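*Asks:*
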Ligand code: BGC
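Written as structure tokens, this is what we have:
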């Protein structure tokens, strides 16, 4: 009997239901659905869930499970097998009417020649089939909003906080609002695909793209936030693309590094956010540049066919990362689209050589994605929910270059996200929020950094302290710096500001004269294509020196692209506020926290280690190296559990205090969940991120979280958590599926991975 055991992966196990006998054919890891079982109308009641399976074609079945439909193959796994009809009947209907030429045009990008984007085209482009109402596909990055590649676009779109900065709010609803706004801006500019979300779990602290990876160090955080992004974007009529699948954890030698990991590590750490994207109905996946266990990801049959389309039941299409196709044979491994399409691998002659049905399957997946989001008529005579705004190459230029997609509401949302994602790391003597202050000294070059638009337009992967470099970059027209934000807020409050926008200790000390508080800034950036050289802010020495000279209260604002080592000076600062590269509203968001108009509630999605030596370096001094994930599942904070850290994963202070106790009704957390009562025991309203960690013998691991609404002083809320067997399971490499781990599990609930307030135990 095959069933989804609640882990999201389709499993096989005869013992679950004595009535349904497996005929022996389908018990491989490929999780095929037994035809016999379906004929018998068997259902799985083992986990209390009913699965309905129905034979769909010669070799596929459609399984409906709790409202989600999976398509599964019914034969033993064969990588060369052609199995059509991943598509729903409506996409099949469209595919059936296409000529071969039309089909071929849908699987290979256009609009790039010798790696140069052509006029009239987006970052990624697929021609439409107008006679069948199939719109052209127009793709644009992603990680900080609508990617700007031309001066005309700068200022037309919002330069949002980086994805990691949004994650730092630990707020599912806020993530969805961001997704909605991203979707709206992409559509307004004519795009119907956003090349995001980026969801790889951070392995290497120096990872050049960590700023764009929503998951931070935690598969659970990534799995809870990713669906919200997908819902928001796709609800606005734009197809989302989960990337980069998989084990794309460093930029160093990104095209040739071979990530080597065992199944447990992949299933428990690196896959969960991707599985969450599948379950949220994401239209597409982008396979990554690197190799996984010896084979390039985009030609990796185990990754794409076995794991993604098989085990996870992904029905959408897989596109390559840009120029990541190295062989004409990749469709047989599960790749459906070659991007940007100028490498010739998916040329007509090569597609001609594929077995019958392969191209139909590829095209069906693409058309299915469009139907799913509402981009075309569902079936003959159906309604088009999100009609195409323009057609490449001639019709989109006006929108692409001239349409303003940002708005006051979006700028306000960018500010809100910036403040909600700001993490108050330290607040000795309650230096923040500023109160009773007459004069502020703002000191350091990072408080008013440059935003060299011309340089950024010339070099695609230059970043600054507002935005990271690379494909996810949205160049801000005139970003608000910390200095500007603080000045504006001070003026409203009648506070004097003196500034020294240089890294001269002497000038800084002079500026402090007569001030009540010192605001210092430190920052660093990162980019796609290379990893960070170090984990320090660029002004580390300056901060250390000036803080040694400071006799007044001091607050350091850091703007960072991920994990950062602050230990050279952190002890000397009274307050430290970190924002991840926060886009055009940086200074406003920072001022909102500093002056207390927003009570901080952000939490670190990554560890800020005490030393660089405590982190995993990117692999390889040589290209083509194996990068063995020896740490297994003990990634990020889990690998550092026995070490002192600078600031722990999940950490973030508030201007109020919260008390924790087990909920009134259900008592403490048990196998199926429980309730936690949180009370705002301080004197101002605030929000708390209630985090639940389990320890099954390998240290605490985040399993779930809930961000409360705004709790007034003295107010309580009871937060409910539900858990299923998968939360108490580990992947068994030998059996090839998740197994509930018996014995005692520790349960810890609190406001951070090292701020556990109440504990319990569950014996399984
Ligand atoms: C990046 C992708 C991006 C693509 C198109 C590649 O360099 O890895 O994330 O979507 O370019 O810009």
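Numbering (the numbering used here), first residue to last: 5 to 768.
No residue lacks a Cβ here, since even glycine has one placed at the ideal position from N, Cα and C.
This one's a predicted model, so the numbers in the text were calculated from it and none came from an experiment.
(1) Looking only at C-alpha atoms, which of 609, 613 and 321 sits nearest to residue 572?
(2) At what residues does the beta strand (DSSP E) containing residue 666 begin and finish?
(3) Which partner residues of residue 500 appear in the DSSP bridge assignment?
(4) Would you mind giving the Cβ-Cβ distance between residue 605 and residue 690, rounded to the nearest angstrom? I have them listed as a contact below 8 Å.
(5) To the nearest angstrom, how far is it from the Cα of residue 351 to the Cα of residue 294?
(6) With respect to the beta strand (DSSP E) encompassing residue 695, which residues constitute its N-terminal and C-terminal limits?
(7) Have a look at residue 3 and residue 323 and give me their C-alpha separation to the nearest angstrom.
(8) Can you tell me whether residue 256 is buried or exposed? The criterion is at least 16 other CB atoms within 10 Å of its CB, across all chains shown.
(9) Is residue 475 close to the ligand BGC? I mean its beta-carbon at under 7 Å from any heavy atom of the ligand.
(10) Taking residue 485 as the reference, give the member of 639, 589 and 529 with the closest Cα.
(11) If we ignore side chains and look at the alpha-carbon of each, how far apart do residue 35 and residue 741 end up?
(12) Give the range of the beta strand (DSSP E) segment to which residue 323 is assigned.
(13) Take the Cβ of residue 134 as the centre, count every other Cβ of all protein chains shown within 10 Å, and call the residue buried at 16 or more, exposed below.
(14) Which residue marks the beginning of the alpha helix (DSSP H) containing residue 632, and which one marks its end?
(15) Since residue 289 is in the beta strand (DSSP E), which residue starts that stretch and which ends it?
(16) Evaluate the contact criterion for the stretch 663-676 versus the stretch 173-192: three or more CB pairs, one atom per stretch, below 8 Å.
(17) Have a look at residue 745 and residue 101 and give me their C-alpha separation to the nearest angstrom.
(18) Can you tell which of 209, 556 and 332 has its C-alpha closest to the C-alpha of residue 435?
(19) Are the CB atoms of residue 275 and residue 301 within a distance shorter than 8 Å?
(20) Taking the alpha-carbon positions, what's the residue 753 to residue 141 distance?
(21) For the ligand BGC, is there any heavy atom lying closer than 7 Å to the beta carbon of residue 339?
(22) Can you have a look at residue 203 and say buried or exposed, based on whether 16 or more other CB atoms are within 10 angstroms of its CB?
(23) Just how far apart, CA to CA, sit residue 283 and residue 443?
(24) Write down the C-beta distance between residue 653 and residue 610 rounded to the nearest angstrom, noting that I regard them as a contact closer than 8 Å.
(25) Output the distance between the C-alpha atoms of residue 541 and residue 469, rounded to the nearest integer angstrom.
(26) Taking the C-alpha atoms as reference points, what is the distance between residue 213 and residue 531?
(27) Select from 544, 433, 246 and 163 the residue whose C-alpha is nearest the C-alpha of residue 415.
(28) Let's test the definition: count the other Cβ atoms within 10 Å of the Cβ of residue 749 and tell me whether it reaches 16, buried, or not, exposed.
(29) Would you list, in sequence order, the uninterrupted beta strand (DSSP E) runs of no fewer than 3 residues that lie entirely inside the stretch 701-750?
(30) Note down, one range per segment and in chain order, each beta strand (DSSP E) of at least 3 residues found wholly within the stretch 111-174.
(31) Cα-Cα, which of 660, 631 and 266 is closest to residue 687?
(32) Determine, using beta-carbon pairs with one atom in the stretch 577-589 and one in the stretch 222-235, whether at least three such pairs fall under 8 Å.
(33) If distances are taken between C-alpha atoms only, which option among 325, 506, 360 and 368 comes closest to residue 347?
(34) Take residue 736 as the anchor and find which of 409, 637 and 481 has the nearest alpha-carbon.
(35) Compute the Euclidean distance between the alpha carbons of residue 166 and residue 467, then round it to the nearest angstrom.
(36) Cβ of residue 326 versus every heavy atom of the ligand BGC: is any distance shorter than 7 Å?
*Replies:* Inspection of the coordinates gives the following:
(1) Residue mapping note: residue 572 aligns to position 568 of the chain shown, counting from 1. Nearest option by C-alpha distance: 613.
(2) Looking up residue 666 in the chain shown gives position 662. First-last of the beta strand (DSSP E) with residue 666: 662-666.
(3) Reading the chain shown from its first residue, position 496 is the one you call residue 500. When beta bridges are read from the DSSP output, residue 500 appears opposite 443.
(4) Here residue 605 refers to the residue found at position 601 when the chain shown is read from its first residue. Here residue 690 refers to the residue found at position 686 when the chain shown is read from its first residue. With a Cβ gap of about 6 Å, residue 605 and residue 690 count as contacting.
(5) Locating residue 351 in the chain shown gives position 347, counting from the first residue. Locating residue 294 in the chain shown gives position 290, counting from the first residue. Roughly 23 Å separates the two Cα atoms.
(6) Position 691 of the chain shown, counted from the first residue, corresponds to residue 695. Counting along the chain, the beta strand (DSSP E) containing residue 695 begins and ends at 693-699.
(7) No answer is possible for residue 3: it lies beyond the span of the chain, which begins at 5 and ends at 768.
(8) Working through the chain shown from its first residue, we reach residue 256 at position 252. Result: buried.
(9) Within the chain shown, numbered from 1, the residue matching residue 475 stands at position 471. Because some heavy atom of the ligand BGC lies under 7 Å away, the Cβ of residue 475 counts as near it: yes.
(10) Here the question's residue 485 lines up with position 481 in the chain shown. Comparing Cα-Cα distances from residue 485 to each of 639, 589 and 529, the minimum goes to 589.
(11) Taking the chain shown and counting its residues from 1, the one referred to as residue 35 is at position 31. Taking the chain shown and counting its residues from 1, the one referred to as residue 741 is at position 737. In this predicted model, residue 35 has a pLDDT of only 32, less than 50, meaning its place in the structure is not dependable enough to derive any value.
(12) Numbered from 1 along the chain shown, position 319 holds the residue referred to as residue 323. Run containing residue 323: 321-324, per the beta strand (DSSP E) assignment.
(13) On the chain shown, residue 134 is found 130 positions in, with the first residue counted as 1. By the neighbour-count rule (16 or more Cβ atoms within 10 Å), residue 134 is not buried but exposed.
(14) For the purposes of this step, residue 632 is taken as residue 628 along the chain shown, with counting starting at 1. No alpha helix (DSSP H) contains residue 632, which is instead part of the beta strand (DSSP E) from 630-632.
(15) Here residue 289 refers to the residue found at position 285 of the chain shown. That run of the beta strand (DSSP E) goes 288-291.
(16) The answer is no - the stretch 173-192 does not touch the stretch 663-676, with fewer than three Cβ pairs under 8 Å.
(17) In the chain shown, residue 745 corresponds to position 741, counting from 1. In the chain shown, residue 101 corresponds to position 97, counting from 1. If I take the Cα positions, the gap works out to 51 Å.
(18) Position 431 of the chain shown, counting from 1, holds the residue named residue 435. It is 556.
(19) Looking up residue 301 in the chain shown gives position 297. Looking up residue 275 in the chain shown gives position 271. Taking 8 Å as the Cβ cut-off, residue 301 and residue 275 do not qualify as a contacting pair.
(20) Against the chain shown, residue 753 aligns to sequence position 749. Against the chain shown, residue 141 aligns to sequence position 137. Between residue 753 and residue 141, the C-alpha separation is close to 45 Å.
(21) By one-based count along the chain shown, residue 339 stands at place 335. No.
(22) For the purposes of this step, residue 203 is taken as residue 199 along the chain shown, with counting starting at 1. Under this definition residue 203 is a buried residue.
(23) Sequence index remark: in the chain shown, residue 283 carries index 279 (1-based). Sequence index remark: in the chain shown, residue 443 carries index 439 (1-based). Taking the CA atoms as reference points, residue 283 sits about 53 Å from residue 443.
(24) Numbered from 1 along the chain shown, position 649 holds the residue referred to as residue 653. Numbered from 1 along the chain shown, position 606 holds the residue referred to as residue 610. About 7 Å separates the two Cβ atoms, so the contact holds.
(25) Your numbering for residue 541 matches position 537 in the chain shown. Your numbering for residue 469 matches position 465 in the chain shown. Distance from the CA of residue 541 to the CA of residue 469, rounded to the nearest whole angstrom, comes to 10 Å.
(26) Here the question's residue 213 lines up with position 209 in the chain shown. Here the question's residue 531 lines up with position 527 in the chain shown. Taking the straight line from one Cα to the other gives about 6 Å.
(27) What you label residue 415 is simply residue 411 of the chain shown in a count that begins at 1. Nearest of 544, 433, 246 and 163 to residue 415, Cα basis: 163.
(28) Reading the chain shown from its first residue, position 745 is the one you call residue 749. Residue environment analysis places residue 749 among the buried positions, since at least 16 neighbouring C-beta atoms fall within 10 angstroms of its C-beta.
(29) Counting whole runs of 3 or more residues, the stretch 701-750 contains the beta strand (DSSP E) stretches 705-711, 720-726, 733-736 and 741-744.
(30) 128-130 and 141-144
(31) Numbered from its first residue, the chain shown carries residue 687 at position 683. Ranking 660, 631 and 266 by Cα distance to residue 687 puts 660 first.
(32) no
(33) By one-based count along the chain shown, residue 347 stands at place 343. Considering only alpha carbons, the answer is 325.
(34) Translated into the one-based positions of the chain shown, residue 736 becomes position 732. The shortest Cα separation from residue 736 among 409, 637 and 481 belongs to 637.
(35) Position 162 of the chain shown, counted from the first residue, corresponds to residue 166. Position 463 of the chain shown, counted from the first residue, corresponds to residue 467. Note on geometry: alpha-carbon atoms of residue 166 and residue 467 lie some 12 Å from one another.
(36) As a first step, residue 326 is located in the chain shown; it is residue number 322 there, counting from the start. Between the ligand BGC and residue 326, a heavy atom-to-CB distance of less than 7 Å is present.
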